[in-house]
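Numbering (our numbering), first residue to last: 6 to 441.
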């Protein structure tokens, strides 16, 4: 046990003392915040970054002369026939040619380049709205009355708890699920590869031959994995703490010069159906902080630590076995894809399916299987996973780690002393069955 602790201490201290570790630990949270700030700015002001699309319209039906231009789309109505417009289209400065037949069927959009999805969708929406208005007028229906009676409705999602009703915080839960699942995905890859590279480096430098004379291969593998895992956990906890401080500071800045009690009063009045003037200041900061309070942070971070540790231990055992089986990092390519495939598969499915329906059978099974549960369960956690499912997932995670580590250790003990021979899957199976 003392030898394992020495290896853990050595792996941990050598990495934590590096300047790169210190710089990235304090820099990454601010880089992520800056990145998301830029993303939100671009999304909110996307029209400023869009290329102006010029669309020539040939409307034989005579119904679509009221197409409205925007900052990104400009409509113009050249004179002449469809044939003339087609002939001059390539020489004109128009990006698109919209041809609307007299019967309004088979509307054609010609383009100088592949059309953007948003451009086509915008044109379709305008055409559909104008066509709908024309049909209503033909039926003798006042479109002004229809429009005034068809205002969009909004839903306030609230959750029933033992303490009473509270904000469901669905969008914050979505953001937290995505954040923690991405962090798990990154940690399993980044720190797992660090273990593999460390094993390869020691093997190629022949340091391993000296080390093996003092400790058993299993002790060396376990010490290296736990040491690197502690480095990763330290870094992630610091990132979480720094991010929490930054978000709190941003919330306080948003709430500056805002009378929170007045906002609360106005919100209660509006909820009760009393017409009230908007409160002074913005409620964005208050709503955001209230939504953050709907997340059980202690519980969520505790689950994250568990899946980070055991997910890392499981995958790092495999990475360590691969590192022991090869002589250089270029030889690891044949083994890497089968290792990372479950992570890639789960990430894609989680973003597109699990996060939309966290209680589905697919979400359940992905959060139970040890190879996929670290990511899938972190996606589900903000959406109130049943306790028995979490307990089952954790039990299988621990069991999976023990089994995979045992298998990896049997390969590691042979591969760590093999030189000059490229390993194959068949060789790995043979190493597994070698007797002590």
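Where a beta carbon is used, it is the ideal one built from N, C-alpha and C, also for glycine.
Cα separation between residue i and residue j?
{"i": "residue 435", "j": "residue 126", "result": "59 Å"}
{"i": "residue 20", "j": "residue 192", "result": "15 Å"}
{"i": "residue 440", "j": "residue 341", "result": "27 Å"}
{"i": "residue 386", "j": "residue 246", "result": "20 Å"}
{"i": "residue 396", "j": "residue 208", "result": "39 Å"}
{"i": "residue 200", "j": "residue 194", "result": "10 Å"}
{"i": "residue 369", "j": "residue 393", "result": "11 Å"}
{"i": "residue 113", "j": "residue 32", "result": "51 Å"}
{"i": "residue 314", "j": "residue 133", "result": "54 Å"}
{"i": "residue 10", "j": "residue 220", "result": "12 Å"}
{"i": "residue 346", "j": "residue 352", "result": "10 Å"}
{"i": "residue 186", "j": "residue 66", "result": "53 Å"}
{"i": "residue 240", "j": "residue 316", "result": "16 Å"}
{"i": "residue 318", "j": "residue 307", "result": "17 Å"}
{"i": "residue 362", "j": "residue 242", "result": "29 Å"}
{"i": "residue 180", "j": "residue 238", "result": "21 Å"}
{"i": "residue 230", "j": "residue 13", "result": "8 Å"}
{"i": "residue 263", "j": "residue 34", "result": "Residue confidence is low: residue 263 scores 49 on pLDDT, short of 50, so the model does not pin down where it sits. No coordinate-derived value is stated."}
{"i": "residue 349", "j": "residue 332", "result": "26 Å"}
{"i": "residue 57", "j": "residue 110", "result": "27 Å"}
{"i": "residue 290", "j": "residue 301", "result": "Low confidence applies here, because residue 290 scores a pLDDT of 48, under 50, leaving its location unreliable and the question unanswered by this model."}
{"i": "residue 138", "j": "residue 97", "result": "32 Å"}
{"i": "residue 8", "j": "residue 427", "result": "31 Å"}
{"i": "residue 364", "j": "residue 29", "result": "36 Å"}
{"i": "residue 38", "j": "residue 254", "result": "12 Å"}
{"i": "residue 303", "j": "residue 15", "result": "31 Å"}
{"i": "residue 182", "j": "residue 360", "result": "8 Å"}
{"i": "residue 423", "j": "residue 407", "result": "25 Å"}
{"i": "residue 384", "j": "residue 42", "result": "23 Å"}
{"i": "residue 141", "j": "residue 107", "result": "19 Å"}
{"i": "residue 402", "j": "residue 123", "result": "44 Å"}
{"i": "residue 305", "j": "residue 344", "result": "27 Å"}
{"i": "residue 391", "j": "residue 244", "result": "28 Å"}
{"i": "residue 80", "j": "residue 118", "result": "17 Å"}
{"i": "residue 22", "j": "residue 36", "result": "22 Å"}
{"i": "residue 371", "j": "residue 190", "result": "14 Å"}
{"i": "residue 356", "j": "residue 248", "result": "22 Å"}
{"i": "residue 232", "j": "residue 225", "result": "10 Å"}
{"i": "residue 210", "j": "residue 188", "result": "32 Å"}
{"i": "residue 75", "j": "residue 143", "result": "28 Å"}
{"i": "residue 374", "j": "residue 336", "result": "29 Å"}
{"i": "residue 62", "j": "residue 367", "result": "48 Å"}
{"i": "residue 83", "j": "residue 100", "result": "14 Å"}
{"i": "residue 103", "j": "residue 149", "result": "28 Å"}
{"i": "residue 433", "j": "residue 216", "result": "23 Å"}
Let me check one thing: in DSSP terms, what residues is residue i bridge-paired to?
{"i": "residue 113", "result": "104"}
{"i": "residue 64", "result": "105"}
{"i": "residue 79", "result": "59"}
Does the CB of residue i have a neighbour CB from chain C at under 7 Å?
{"i": "residue 338", "result": "You won't find chain C in this structure, because it holds only one protein chain."}
What distance in whole Å lies between the Cβ atoms of residue j and residue i, which are believed to be in contact at a cut-off of 8 Å?
{"i": "residue 204", "j": "residue 329", "result": "6 Å"}
{"i": "residue 60", "j": "residue 78", "result": "6 Å"}
{"i": "residue 421", "j": "residue 120", "result": "Between residue 120 and residue 421 the Cβ distance is about 57 Å, and since that is not below 8 Å, they are no contact."}
{"i": "residue 417", "j": "residue 236", "result": "Contact doesn't hold; Cβ gap of about 20 Å is too wide."}
{"i": "residue 128", "j": "residue 64", "result": "12 Å between Cβ atoms; not a contact."}
{"i": "residue 115", "j": "residue 94", "result": "6 Å"}
{"i": "residue 69", "j": "residue 135", "result": "6 Å"}
{"i": "residue 228", "j": "residue 320", "result": "Incorrect: roughly 17 Å between the Cβ atoms, too far for contact."}
{"i": "residue 202", "j": "residue 334", "result": "7 Å"}
Query - Complete runs of the alpha helix (DSSP H) confined to the segment 337-406 [at least 4 residues] - result: The segment 337-406 contains these whole alpha helix (DSSP H) runs: 338-354, 366-371, 378-385.
Query raised in the report: Is the segment 315-327 close to the segment 410-423, with three or more CB pairs under 8 Å?
Result: A contact between stretches requires three or more CB pairs, one per stretch, nearer than 8 Å, and the segment 315-327 meets this requirement with the segment 410-423.
Query raised in the report: Taking three-plus beta-carbon pairs below 8 Å as touching, is the segment 87-103 in contact with the segment 33-50?
Result: In short, these stretches do not touch, since the Cβ pair count stays below three.
**Report entry** the segment 372-382 touching the segment 302-316, judged by at least three CB pairs closer than 8 Å
**Finding:** In short, these stretches touch, since the Cβ pair count reaches three.
Query - Residue ranges of each alpha helix (DSSP H) within the segment 218-245, 4 or longer - result: Qualifying alpha helix (DSSP H) stretches: none in this window.
Requested in this report: Quick one: which unbroken alpha helix (DSSP H) runs of 4-plus residues sit fully inside the segment 13-59? Chain order, please.
Outcome: Within the segment 13-59, the complete alpha helix (DSSP H) runs of at least 4 residues fall at 24-49, 51-54.
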